[in-house]
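Right, one structure below, let's go through it.
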Amino acid sequence: MTFFGEEKKSKKTPIIEEFEPIPAVTVTVVGECGVGKSSILRRFRNASFLEEYYCTHGVERSQALVDKPNSFHVSKKLVLQFLDTNDIFLDPSMCTTIQDHVDALHASFSNFVLVVYDITDH
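Spelled out as structure tokens, the structure:
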């Protein structure tokens, strides 16, 4: 019941924020053994560099959350999913296990391919 001049108090329903899912983009990194594929990814993700050499076996997966560039200067995020590969992806006949074939199939559906090579290797 309201009296003259009083406003009826309305029950406010709680605001449920709707979150947009963060879009993901897959980037497959290819190149010959020892050219620095893993080092480039580590430098991008962690801003670090290791002097030691570690050979990548199969596919190493990692991801990074970055700001999505746009013209409206609105802060949007983007997940970059990296597939750090070894030499097997350069020659599919070298795939020996089911996991190798699954990884190769997953890499074939990538949005982008980053080719890393050594300019001093002639």
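Just so we're aligned: 219 in this note's numbering is position 29 of the sequence shown, and the numbers increase by one with no gaps anywhere. Glycine residues also receive a C-beta, built at the ideal position from the N, C-alpha and C atoms.
Rounded to the nearest angstrom, what separates residue i and residue j at their Cα positions?
i      : j      : result
Ala237 : Arg251 : 17 Å
Leu304 : Val220 : 6 Å
Val217 : Ile230 : 13 Å
Ile309 : Gly226 : 12 Å
Phe272 : Tyr244 : 17 Å
Arg232 : Thr246 : 13 Å
Ala254 : Asp311 : 30 Å
On the criterion of 16 or more Cβ atoms from any shown chain inside 10 Å, does residue i qualify as buried, or is it exposed?
i      : result
Ala214 : exposed
Val292 : exposed
Lys258 : exposed
Asp274 : buried
Asn276 : buried
In terms of residues, what are the limits of the alpha helix (DSSP H) holding residue i?
i      : result
Ala294 : Ile288 to Ser298
Whose C-alpha, out of the options, is nearest the C-alpha of residue i?
i      : options                           : result
Gly248 : Ile309, Leu295, Asn301 and Ala254 : Leu295
Val306 : Arg233, Glu222, Thr246 and His312 : Glu222
Quick check on DSSP: helix, strand or coil for residue i?
i      : result
Phe239 : coil
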